[in-house]
Amino acid sequence: MTSRKPGSDTYGRGVDLGSLSHDEVVILAQTFRLLGDPSRLRIMLCCMQGSSSVGEIAESLDLSPSLVSHHLRLLRGARLVKGERMAKQIFYRIDDMHVSQVLLDMTNHIAEEHSDEP
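UniProt numbering applies: residue 1 is where the sequence shown begins, and numbers increase by one.
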C-alpha cells in the first residue's frame with residue numbers, strides 16, 4: 001500500500017490538486033464566483049442546450065439583451081462560453097466539455113436525495 005500526501009489526490013482527473021499554484025487557485029475561485037450569480041448561471045445552462053444569440057437567450061430567460069451581453073462578456077473573459085459570428089449575429093455556446101461536465105455534476109448533486117437531511 002502506498003501513502004499519499006493530503007491534498008495530492010487527482011480524483012481520476014489527471015490534475016494533482018496539491019500542486020495548484022496560488023494564481024491558479026485564485027482563478028478557480030473567480031470562476032466559481034462568476035457562476036455564483038443566478039442570471040449568469042441561467043445563461044450558462046441555456047448555452048448548454050446549443051448555440052444561441054443574445055436575443056434568443058434574453059427572450060428565453062426574460063432578461064434584457066444588454067444584461068445578457070454584459071454577462072456573456074464576463075463569461076467569455078473567463079473562457080466559460082465562446083461566441084461564433086454568423087452574419088451580423090454572434091451565437092454563444094459552452095466553451096468546452098469540462099465546463100458542461102462541472103455544471104452537469106453540480107446539477108446532479110443538488111438533485112440527489114440526501115438521507116442525512118432532517
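The C-beta atom is built at its ideal place from N, Cα and C for all residues, glycine as well.
If you draw a straight line from the Cα of VAL81 to the Cα of SER64, it comes to about 19 Å. By the neighbour-count criterion, in which 16 or more other beta carbons inside 10 Å mark a residue as buried, VAL54 falls on the buried side. Looking at TYR92, GLN49 and MET86, the one whose alpha-carbon comes closest to that of ARG73 is TYR92. Here GLY83 is buried: its Cβ has 16 or more other Cβ atoms, across all protein chains shown, within 10 Å. Annotation for GLU24: the continuous alpha helix (DSSP H) segment containing it runs 22–35. The C-alpha of GLN30 is placed about 19 Å away from the C-alpha of LEU45.
Here the alpha carbon of ALA58 sits roughly 18 Å from the alpha carbon of MET86.
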